[in-house]
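**Q**
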Amino acid sequence: MDSLSLFCTGALLAGGLYWFVCVLGPAEQKVPDFVDTFYNLVTDIYEWGWGQSFHFSPSIPGKSHRDATRLHEEMAVDLIDVKPGDRILDVGCGVGGPMRAIAAHSRAKVVGITINDYQVNRARMHNKKAGLDSLCEVVCGNFLEMPFQDNSFDGAYSIEATCHAPKLEDVYAEVFRVLKPGSLYVSYEWVTTEKYRADNPEHVEVIQGIERGDALPGLRSYSDIAEAAKKVGFEIVKEKDLAKPPSLPWWTRLKMGRIAYWRNHILVIVLAAIGIAPKGTVDVHDMLFKTADYLTRGGDSGIFSPMHMILLRKPKEAPSKS
Ligand SMILES: C=C(CC[C@@H](C)[C@H]1CC[C@H]2C3=CC[C@H]4[C@H](C)[C@@H](O)CC[C@]4(C)[C@H]3CC[C@]12C)C(C)C
Ligand SMILES: C[S@@+](CC[C@H](N)C(=O)[O-])C[C@H]1O[C@@H](n2cnc3c(N)ncnc32)[C@H](O)[C@@H]1O
Numbered sequence: 018m019d020s021l022s023l024f025c026t027g028a029l030l031a032g033g034l035y036w037f038v039c040v041l042g043p044a045e046q047k048v049p050d051f052v053d054t055f056y057n058l059v060t061d062i063y064e065w066g067w068g069q070s071f072h073f074s075p076s077i078p079g080k081s082h083r084d085a086t087r088l089h090e091e092m093a094v095d096l097i098d099v100k101p102g103d104r105i106l107d108v109g110c111g112v113g114g115p116m117r118a119i120a121a122h123s124r125a126k127v128v129g130i131t132i133n134d135y136q137v138n139r140a141r142m143h144n145k146k147a148g149l150d151s152l153c154e155v156v157c158g159n160f161l162e163m164p165f166q167d168n169s170f171d172g173a174y175s176i177e178a179t180c181h182a183p184k185l186e187d188v189y190a191e192v193f194r195v196l197k198p199g200s201l202y203v204s205y206e207w208v209t210t211e212k213y214r215a216d217n218p219e220h221v222e223v224i225q226g227i228e229r230g231d232a233l234p235g236l237r238s239y240s241d242i243a244e245a246a247k248k249v250g251f252e253i254v255k256e257k258d259l260a261k262p263p264s265l266p267w268w269t270r271l272k273m274g275r276i277a278y279w280r281n282h283i284l285v286i287v288l289a290a291i292g293i294a295p296k297g298t299v300d301v302h303d304m305l306f307k308t309a310d311y312l313t314r315g316g317d318s319g320i321f322s323p324m325h326m327i328l329l330r331k332p333k334e335a336p337s338k339s
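Numbering (my numbering), first residue to last: 18 to 339.
(1) Going by the DSSP bridge assignment, what does Phe321 pair with across the sheet?
(2) Identify whether Gly226 lies in helix, strand or coil by the three-state DSSP scheme.
(3) Ignoring anything shorter than 3 residues, give me the beta strand (DSSP E) runs that lie fully in the segment 160-211, in order along the chain.
(4) For Ala245, which option in Leu185, Ala121, Gly102 has the closest C-alpha, if you only look at C-alpha atoms?
(5) Tell me, to the nearest whole angstrom, how far the beta carbon of Arg87 is from that of Pro101; I am working on the premise that it is less than 8 Å.
(6) In chain order, what residues of the same chain lie with their CB nearer than 6 Å to the CB of Asp167, ignoring the 5 residues before and after it?
(7) Quick one: Cα of Ala120 to Cα of Thr298, how far?
(8) Classify Pro49 as buried or exposed, calling it buried when 16 or more other Cβ atoms lie within 10 Å of its own Cβ.
(9) Near ligand 2, which residues have their beta-carbon less than 6 Å from any of its heavy atoms, given in chain order?
(10) Please list the terminal residues of the continuous alpha helix (DSSP H) segment that includes Ile242.
(11) Throw me the rounded Cβ distance for the Ala190 and Val249 pair, which I believe falls under 8 Å.
(12) Going by other Cβ atoms of all chains shown within 10 Å of its Cβ, with 16 needed for buried, is Thr179 buried or exposed?
(13) Please state the DSSP three-state secondary structure of Met273.
(14) Examine ligand 1 and report whether any of its heavy atoms sits within less than 6 Å of the Cβ of Asp231.
(15) Helix, strand or coil for Gly33 per DSSP?
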């Protein structure tokens, strides 16, 4: 190779490297943008087909899905022991279904944060309609860099949201920073369970299907959760997989029949054809249907749980450095 072509090749490589690192940015910085786009696509379908709470809950005999959902949410705020008037944080609040149930149940003031601006508007509209806007506030922002002061919350919770963080420590460190010393944080985490085998191709297919269809950077093992919490300084108060018996399956609600799916699918096609729903909605709906199947298989086989609960305390005093 003569010196000119060597120079050109070098310049091309350097230019390419500069483009990837400085212009496009590191992959981890792109995750919130990707998650934001995902929720622009799915939020309306979630609300329409599932309701205002974007999470699962164990089935309860004799209770409707709506009541089972509310009880699962109230359990979170009961665990963090808040008093009326306390200021608590909802990390990844969606359109605010849990926030409204929790504010109404505890009379605490709830501040929710979500990366998605469309969800902020939906949540504010629902809060007003429910007459809970004096107790519920919604902020658009990244839970990896929260726009809140240190030691400013009396409690915090996250329901099936921190699974979107590439590193759990990063979101836990932010929650730790904004909590007052001595206060509690509960999280319902998406995890692979002790039944998951990385050398079983069917297990891998199911878990990858869940990750793809739910915009996740990679599911964590149940055993990684407490480790991440300890690393940022939390004390572990309690840890329990709420999906385990005697709880009844959370995934039965997903087992919608073929008829219900085709009814929704046809409706989506018609709404897209007449311009009420954006064109891509049909593909998004199809993707969600496939995701529902992976989630069901994850639940049926017991290799996946969306409700691994961890209750954490920020110590009253910082541990002494010796
Ligand atoms: C916590 C997260 C979201 C969990 C669930 C709220 C959603 C996961 C899969 C979603 C759905 C799948 C099938 C859809 C169906 C085809 C459609 O007709 C009606 C809506 C669905 C039931 C939709 C509803 C929400 C989910 C259950 C993740 C993202 C971390
Ligand atoms: C599956 S939804 C759950 C919403 C809510 N907890 C509920 O149960 O209804 C996940 C939420 O996390 C939010 N989220 C994901 N990544 C985020 C980030 N980096 N910063 C802020 N919010 C984020 C999403 O915007 C969405 O609102």
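The beta carbon of each residue, even a glycine, is placed where N, CA and C say it ideally should be. Every value quoted in this text rests on a predicted model; they were computed, and no experiment measured them.
**A** This is what the structure gives:
(1) Position 304 of the sequence shown holds residue 321. Partner(s): Thr209.
(2) Locating residue 226 in the sequence shown gives position 209, counting from the first residue. The answer is helix: DSSP assigns Gly226 an H, G or I state.
(3) Fully contained in the segment 160-211 are the following beta strand (DSSP E) runs of length 3 or more, in chain order: 170-176, 196-209.
(4) By one-based count along the sequence shown, residue 245 stands at place 228. Checked all of Leu185, Ala121, Gly102; the closest Cα to Ala245 is Leu185.
(5) Within the sequence shown, residue 87 is the residue found at index 70, counting from 1. Within the sequence shown, residue 101 is the residue found at index 84, counting from 1. Not quite, the Cβ-Cβ distance comes to about 18 Å (not below 8 Å), so this is no contact.
(6) Along the sequence shown, one-based indexing puts residue 167 at 150. These residues qualify, in order along the chain: Arg194.
(7) Taking the sequence shown and counting its residues from 1, the one referred to as residue 120 is at position 103. Taking the sequence shown and counting its residues from 1, the one referred to as residue 298 is at position 281. One C-alpha to the other measures close to 33 Å.
(8) Residue mapping note: residue 49 aligns to position 32 of the sequence shown, counting from 1. Buried, because 16 or more other Cβ atoms sit within 10 Å of the Cβ of Pro49.
(9) Matched residues: Pro49, Val52, Tyr56, Ser70, Phe71, His72, Gly109, Cys110, Gly111, Gly114, Pro115, Ile130, Thr131, Ile132, Asn133, Gln136, Asn159, Phe160, Leu161, Ile176, Glu177, Ala178, His181.
(10) Here residue 242 refers to the residue found at position 225 when the sequence shown is read from its first residue. Element bounds for Ile242: 239-248.
(11) To locate residue 190, count along the sequence shown from 1; it is residue 173. To locate residue 249, count along the sequence shown from 1; it is residue 232. In this structure, Ala190 and Val249 form a Cβ contact; the two beta carbons are roughly 4 Å apart against a cut-off of 8 Å.
(12) In the sequence shown, residue 179 corresponds to position 162, counting from 1. Counting C-beta atoms within 10 angstroms of its own C-beta, Thr179 has 16 or more neighbours from the protein chains shown and is therefore classed as buried.
(13) Within the sequence shown, residue 273 is the residue found at index 256, counting from 1. In the three-state scheme derived from DSSP, where H, G and I count as helix and E and B as strand, Met273 is classed as coil.
(14) Along the sequence shown, one-based indexing puts residue 231 at 214. Checking every heavy atom of ligand 1 against the Cβ of Asp231, one is found closer than 6 Å.
(15) Locating residue 33 in the sequence shown gives position 16, where the first residue counts as 1. Bear in mind that the predicted position of Gly33 carries a pLDDT of just 42, short of 50, making it unreliable; the figure below should be weighed with that in mind. Residue state, collapsed to three classes: helix.
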